[in-house]
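One structure below.
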Amino acid sequence: MNNSIIKNALELPGGARFYRCALQVNPYEYVKRHCSTNKYTDEDAYNQAIVQSCLNSGIEVIAITDHHRIHTSTKLSLKAKDAGIIVFNGVELETKEGIHIICLFNPDEQPRRIESILAKCGILDIQEPPQSIDFDCDDLLHKSSEWSSVCFAPHITCNKGLLTAIQKNARSNLWKSPCLLAVAIPGPVSNENVEFNQILQNKDPNYLRERPIAIINAQDVSSPDDVEKPGSSCWIKMSAVSVEGLRQAFLDPSSRIRLSSDDAPEEHAEFVAMAWQGGFLDEAAIHFNENLNVLIGGRGTGKSTIIESLRYVLGLIPLGEDAQKSHKGITSNVLKNGTKISLLLRSYHPSKREYVIERTIPNPPIVRDETGTVLNILPADIIPQVEIYGQHEISELTKSKEKLAYLLERFVEKDASLSQRKIEITRKLERSRNRLLELNKERLQIKERLAALPSLEETLRRFQEAGLEEKLKERSVLVKEERILKTTEERLVPFKDWIEQVRRELPIDRAFVAIKALEGLPGKTILAKLDQVLEQLTQDIRTLLGQMDERIQKAEAGIYETRVEWEVRKQQVQEEYQKLLRELQKSKVDGEEFIHLRQQIEELRPLKDRQEALERDKREYEHERTQYLAEWEDVKTEEYRALEHAAKKVNRKLRDQVTVEVIFAGNRDSLFQLFRDQIGGRLSETLEILGSNPSLSLKEFVDTCRSGAECLTKNYAIPGTQAERIAGAGIEILMQIEELDLPPTATIKLNVSPEGSTPNWQSLDDLSTGQKATAILLLLLLESQSPLVIDQPEDDLDNRFITDGIVPKMREEKRRRQFIFATHNANIPVLGDAELIAGLVAQGEAGEGKALLPKNLMGSIDTQSVRELVEEVLEGGKIAFEMRRLKYGF
302 MNNSIIKNAL ELPGGARFYR CALQVNPYEY VKRHCSTNKY TDEDAYNQAI
352 VQSCLNSGIE VIAITDHHRI HTSTKLSLKA KDAGIIVFNG VELETKEGIH
402 IICLFNPDEQ PRRIESILAK CGILDIQEPP QSIDFDCDDL LHKSSEWSSV
452 CFAPHITCNK GLLTAIQKNA RSNLWKSPCL LAVAIPGPVS NENVEFNQIL
502 QNKDPNYLRE RPIAIINAQD VSSPDDVEKP GSSCWIKMSA VSVEGLRQAF
552 LDPSSRIRLS SDDAPEEHAE FVAMAWQGGF LDEAAIHFNE NLNVLIGGRG
602 TGKSTIIESL RYVLGLIPLG EDAQKSHKGI TSNVLKNGTK ISLLLRSYHP
652 SKREYVIERT IPNPPIVRDE TGTVLNILPA DIIPQVEIYG QHEISELTKS
702 KEKLAYLLER FVEKDASLSQ RKIEITRKLE RSRNRLLELN KERLQIKERL
752 AALPSLEETL RRFQEAGLEE KLKERSVLVK EERILKTTEE RLVPFKDWIE
802 QVRRELPIDR AFVAIKALEG LPGKTILAKL DQVLEQLTQD IRTLLGQMDE
852 RIQKAEAGIY ETRVEWEVRK QQVQEEYQKL LRELQKSKVD GEEFIHLRQQ
902 IEELRPLKDR QEALERDKRE YEHERTQYLA EWEDVKTEEY RALEHAAKKV
952 NRKLRDQVTV EVIFAGNRDS LFQLFRDQIG GRLSETLEIL GSNPSLSLKE
1002 FVDTCRSGAE CLTKNYAIPG TQAERIAGAG IEILMQIEEL DLPPTATIKL
1052 NVSPEGSTPN WQSLDDLSTG QKATAILLLL LLESQSPLVI DQPEDDLDNR
1102 FITDGIVPKM REEKRRRQFI FATHNANIPV LGDAELIAGL VAQGEAGEGK
1152 ALLPKNLMGS IDTQSVRELV EEVLEGGKIA FEMRRLKYGF
């Protein structure tokens, strides 16, 4: 990575991530006391083997947890820290009831303080500690928060585990204690017996907890082989490895804990880091998280500027008109000309690659690869289907049914061949239209010229009756012969034009099979041969064209020789003709007029053959166009079906929340615009009739137009004057109508009933602004491989919609998709458990100041400074407050 400001951005906190943690690693002294199979006689060898096994298994965090002792962990702790492993100081305690509980302290906690805490538990002799402490389990759990520690119950389904050491009411009461945050089992929940399975899944009514308990894998590790066992470790998400990080994970296990048996997070395209040089965000930078990112801060601190910077650097244009104005205003007046935005993004399709996009306002974006080489591609080629929405833009989208249909596009399985077919058929239809128009133009010209032929032939007949033809026979025949010579010359013209057309296509473009273009492809050695194939073909075609040139030149020479020879005959006939004319003049007969008349007729007569040929071509072209139009309708129908299938997919995923229906060719704007531009006049009734027709077929409409105004009025109830104007619009306009691609539209309905009630479906038109935004947000949050960026998604929404609809979907999808939101609402970062919360502050006076992204205000809510900023800046409903109370401890 050659971009220094991006390198600096990557040094910033990136928020919470998964650490693989083994939270019950036993020190050597424990193994000596309890493991008869211990093969290590030396503590250093044991420690080295454990640490190496952790490194081999990708363990980044361990907790060393001897029974009632802390001093025995010292050497293993130092060894692990030297290897780069983070170590929680911990101890495994046995309560008065005989239940084992593990207490963990911060990695920097001093052993002496832990020993003093053990003394409070009744462990006064650290060499020979008692079998159990002075506290029962519930007391210990309550006390642990006072000691700045966090507890979990290990091996709960085994000996001295919470679910086996006590029974009945005592067990259920302890299980339901709000101070019990986490328990450990050796594998997936499904491996436990029916009784324990129901308890762990919070389905047993006697053990029902208000908040489900966190379940982790933390089996005893007493040998290097134990480290490799799936049940000895799990993944825990933290921004900083600390007691608070663990506590936050235990409070929100569905977001922050992944068992060894759980699927790994899905790889997805993501923005990695972003930095600015110049403008309102000068020298600011951010290191994004791959999951949920939330930008917070007071008004005017730059949240919207970051959102619009992302849109600008990617070269994306807002969908809504108001959003376009806002985007332009921010780029022009806040970011300003000369500001450089750099964005590092990571793509996993078809393989993992990183790119840096740089854009200096007002220039276009530049894409670089990992080496800094400028690539001839657009940002959209790397990371397609990125969705970015500015403030209130979602509400603006609800006003356009066509744009609502566009939202479904990302749920459509892309068929490149279908898109290519559509492009090809569009070109064929355009060529077909142009050919028919040219042909029709020539037909009309020939028809006009041939209209004079009957009159000319009648005049010729009178000359013939006067015996003039016999007298001027030789000169009359000469006219026919000259016509034959001219026709012969004309026959060569199409071939000469064709040769020039082919010559313009040479050389064949071979850039796509050049060595550089094939770089990185496993089959590049094989594919490189295609370059030689196309080069040889270019040479062969040039040779053939040269040969054709020679043949045509030879033909032209032959025609020339024939003409020269014929000109001698013509001269002889002309001399006789002039002599005859002089004799006719004495009789007052105009022989020149007769010859001119003969010339006119001879020039017109071939047009009859041409007219017949054109009629044949017309029938052929019209038949060909009919085939193209059938293909065109098939392609449009296939596209619609794909979109309809996407709508059904959305309806399944948002069952009882949102339903979507796609209307084929629902957007008639392009048809109406064509009418206004090409036909004009009063058309209001026509447009209203066609706009309200749910099953309008453009082909049927055009066929009716060709049948005349009466049919238009009869079939479509179009007023007479308007029908006459449309029917008489001409074949070009009718063909343009046939070729239109009327986009589909979508109607969206939202279930406004409370959960569990009978669904009450309301269309967007009947919903409040907030309800409309809710329906669209639920669509946007559905599965995608590309990032979703929204400026203040809570706009126009009440907290119930956010907590009941938006947040659950956000939490579900963030595991496989990156979200970046700017918000003032606590529900999103708190209930959504944002992996990265980035706080912005403004510096300086309005209009002259700048925005800052302080390093200490970047992290998750397990970072104290970030937590304090959330409390200060954001507002939320009752649920958000309660969740904050639990997470912040107030």
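Numbered as in this note's numbering, the sequence shown ends at 1191 without a single skipped number. Cβ coordinates follow ideal geometry from the N, Cα and C atoms, glycine included.
With 16 other Cβ atoms within 10 Å as the buried cut-off, status of residue i
| i | result |
| --- | --- |
| E1155 | Sequence inspection shows Pro at residue 1155; the Glu mentioned does not correspond to that position. Classification for P1155: exposed. |
| S305 | exposed |
| A914 | exposed |
| G603 | buried |
| G621 | buried |
| L745 | exposed |
| V332 | buried |
| S417 | exposed |
| H569 | buried |
| E710 | exposed |
| V936 | buried |
| W476 | buried |
| A384 | exposed |
| N390 | buried |
| H335 | exposed |
Those residues which DSSP pairs with residue i across a bridge
| i | result |
| --- | --- |
| D1092 | A1123 |
| E1011 | BP columns for E1011 are empty, so no partner. |
| I363 | A323, V388 |
| K538 | F319 |
| H368 | E393 |
| K641 | Q578, T661 |
| H401 | E395 |
| G646 | Per the sequence shown, the amino acid found at residue 646 is Leu instead of Gly. Paired residues: F572, Y656. |
| P518 | What sits at residue 518 in the sequence shown is Asn, not Pro. I486, per the DSSP bridge assignment. |
| I415 | According to DSSP, which records beta bridges pairwise, I415 is partnered with nothing at all. |
Within 9 Å, strictly: CB atoms of residue i and residue j
| i | j | result |
| --- | --- | --- |
| N460 | A485 | no |
| V1090 | G599 | no |
| L593 | E1136 | yes |
| S1161 | Q549 | yes |
| L705 | I1049 | yes |
| I642 | W577 | yes |
| D1097 | S696 | yes |
| R559 | A565 | yes |
| Y649 | I683 | no |
| I434 | T396 | yes |
| L975 | L991 | no |
| L988 | R969 | yes |
| A317 | D1105 | no |
| C355 | I365 | no |
Residue range of the alpha helix (DSSP H) that includes residue i
| i | result |
| --- | --- |
| L509 | Neither: L509 is in no alpha helix (DSSP H) and is coded neither H nor E. |
| I424 | Careful: I424 lies outside any alpha helix (DSSP H) and carries neither H nor E. |
| H443 | 438-447 |
| K604 | 604-614 |
| E1274 | Because the chain spans 302 through 1191 in this model, residue 1274 falls outside it and cannot be assessed. |
| F973 | 970-975 |
| F796 | 794-805 |
| N741 | 717-751 |
| A818 | First-last for A818: undefined, no H or E at that position. |
| T1070 | 1070-1081 |
| H335 | 329-335 |
| H628 | 622-631 |
Terminal residues of the beta strand (DSSP E) in which residue i lies
| i | result |
| --- | --- |
| Q353 | Note, Q353: premise wrong, no beta strand (DSSP E); alpha helix (DSSP H) at 344-357. |
| G1029 | First-last for G1029: undefined, no H or E at that position. |
| G992 | No beta strand (DSSP E) holds G992; the alpha helix (DSSP H) holding it covers 985-992. |
| T595 | Note that residue 595 is Val in the sequence shown here, rather than Thr. Unbroken beta strand (DSSP E) run through V595: 593-598. |
| A1047 | 1046-1052 |
| Q1205 | No answer is possible for residue 1205: the residues shown for the chain start at 302 and end at 1191. |
| A586 | 586-588 |
| V451 | 451-453 |
For this session: Only counting runs of 3 or more residues, tell me where the beta strand (DSSP E) segments fall wholly within the segment 656-711, in order along the chain.
Result: 667-669, 688-690
Exercise. For the segment 1098-1168, which segments carrying the beta strand (DSSP E) assignment without a break, of at least 3 residues, lie completely within its bounds, in sequence order?
Worked result: 1120-1123, 1137-1144, 1151-1153
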